[in-house]
Amino acid sequence: MVKKTLSRILGCALLSYGSTALAFTLIPQELVTPSTTITNVFTLQAQVQPIAGTIRAQIFGLRRPGSSKQVTQVGGMMLAANDRSGSASDVNYLAAAANDPSGAGSGSGGGNAQSLWISSTTDSLENTFSRTAFYGATQNVIVGYDFTRSDKYVFGISGGYEASNFVTKFNSGNEKTGGYNLNPYFAWLLSDRWSLDLIGGYGKFSTNQSRAALTGVPVDSDFSSKRSFASTNLSNISAWGNWKLTSSLGYLWSKRDQDAYTENGGFAVPESKRISRQWNLLEEVAYGRGNSETFFGALYEGIRNYQKLELTAGAGEQPANDPTSALLTAGWRYFGKGLTASFVFSGRVGQEQVKEHGFSMVLRADI
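Below, the structure written as structure tokens:
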């Protein structure tokens, strides 16, 4: 789909501007390409993962290893994050546990608990390959509510606002996107160590973009898009005194449907769809003392049936198209009476031409 769209746009550009170009001059394809035709290949997962991960950080608030001491009980509900900002947004403790010395229940709720939480996440993304080069960031603000029944089932709903701003160097342009999302979630706490979760999400967005043109007049366009995702993880937690280990095997499916639009230069861009399927494996180690703990994590991600980006004009060099990578995280968590907090940094390794860094903050309060 990407290759056909690029070829069609290139053909129109060559016909329209051929009379002004030098004889036998080959116009670089990316110069006359709308921004999202390139960036969509890289941004779908980068924009879905902060939402899925932040929600996942809330799911296991009532979970704690039964064999641990009180501090470990409160601080031991380690999140089995599914994604980049998932690891970068972990809040794995419910403050109600601080009121439950026995560790048998969920605080004063007697097995039932309710919480409100709010998160703010910023994730930077940069592509360093000259023919697809761009840089920018995505910011998310999410507010959620969940309740737990019988210390076994977690039900929740969250909604948020998302904004992205990218400078697209490959076509001397820019791309700005904003919209809202709604995300229900559920978890089944199989035991004090095992859990299974399911998260869904749907959002609507508006994009404005601009690129350079051979005429010297910038070409603008705007359009709407829809995005959906589904995520699930099987997680295990082990605790040895103040040390805790989280292991998780997960799967993330995401899709973006982009409406057709026409640039103000007259070029028609057809509707498009992009789907991503990703397996991931998380290992995270945490050490806690008193009311806080620090942690380090590594999340391996592998995309199945990776849709490569291929450029058909200009220089023969092509994007690296790395289907696998790893996200490294480091952070600090605080848990107190009725309130918990998390501050996490993240960075991606294993991709030759893509750089990602993130910071996340989450606050959670009992009600």
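Heads up, the numbering used here is the position in the sequence shown plus 157, with the first residue counted as 1. C-beta atoms are modelled at their ideal positions from N, C-alpha and C, and glycine is treated no differently.
Residue i burial status per 10 Å Cβ neighbour count (16 or more: buried)
i	result
glycine 398	exposed
glycine 454	buried
proline 191	buried
proline 427	exposed
glycine 243	Per-residue confidence for glycine 243 stands at a pLDDT of 39, beneath the threshold of 50, marking its modelled position as unreliable; the derived number appears in the next sentence. Buried, since its Cβ has 16 or more Cβ neighbours within 10 Å.
leucine 484	buried
isoleucine 394	buried
glutamate 513	buried
threonine 469	exposed
isoleucine 356	buried
valine 139	Since the first residue of the chain shown is 158 and the last is 524, residue 139 is not available in this structure.
serine 411	buried
threonine 372	exposed
Contacts around residue i, its chain only, beta-carbon distance under 8 Å, and the 5 residues preceding and following it disregarded
i	result
glycine 175	For glycine 175, the pLDDT reaches just 37, beneath the cut-off of 50, and the residue's location in the model is therefore unreliable, although a value from the coordinates is still provided. Closer than 8 Å at Cβ, skipping near neighbours: no residue.
glycine 316	Ile299, Val300, Gly301, Tyr337, Asn338, Leu339, Asn340
tyrosine 310	Phe343, Ala344, Trp345, Leu346
C-beta contact flag for residue i and residue j at 8 Å
i	j	result
leucine 402	asparagine 390	no
leucine 282	phenylalanine 362	no
asparagine 328	leucine 466	no
lysine 333	asparagine 322	yes
serine 404	glutamate 440	yes
aspartate 523	serine 276	no
glycine 313	tyrosine 342	yes
threonine 409	serine 388	The sequence as given places leucine at residue 409; threonine does not occur at that position. Result yes, Cβ atoms of leucine 409 and serine 388 sit closer than 8 Å.
arginine 213	aspartate 308	no
alanine 211	threonine 305	The sequence as given places threonine at residue 211; alanine does not occur at that position. Not closer than 8 Å, so no.
proline 480	glycine 459	yes
glycine 515	phenylalanine 500	no
valine 374	glutamate 420	no
glutamine 215	aspartate 303	yes
alanine 209	phenylalanine 492	no
For residue j and residue i, believed in contact at Cβ under 8 Å, the rounded distance
i	j	result
threonine 196	phenylalanine 291	6 Å
glycine 422	serine 367	Not a contact, Cβ separation roughly 11 Å.
alanine 294	aspartate 280	6 Å
asparagine 478	arginine 434	That belief does not hold up - the Cβ atoms of asparagine 478 and arginine 434 are roughly 16 Å apart, past 8 Å.
aspartate 416	serine 378	Not quite, the Cβ-Cβ distance comes to about 11 Å (not below 8 Å), so this is no contact.
arginine 431	leucine 201	6 Å
Close-in-space but distant-in-sequence residues of the same chain around residue i (CB under 6 Å, 5 per side omitted)
i	result
leucine 179	Interpretation of leucine 179 is limited by its pLDDT of 32, a score under 50 that renders its predicted location unreliable; the figure taken from the coordinates is listed afterwards. Result list for leucine 179: empty, nothing under 6 Å.
leucine 520	Ile275, Ala498
alanine 320	Gln296, Gly335
asparagine 365	Lys333, Asp379
Min CB distance residue i to chain C below 8 Å
i	result
leucine 188	The structure shown has no chain C; it contains just one protein chain.
Next item on the list: Write down every uninterrupted run of the alpha helix (DSSP H) in the segment 366–420 whose length is 4 residues or greater and which is fully enclosed by it, in chain order.
Entry: none
Check: Can you list, in chain order, the stretches of the beta strand (DSSP E) that have 3 or more residues and sit fully within the segment 442–518?
Finding: 449–461, 481–492, 496–506
Item checked: Sequence ranges, beta strand (DSSP E) only - wholly within the segment 287–341, length at least 3 -> 291–306, 310–325
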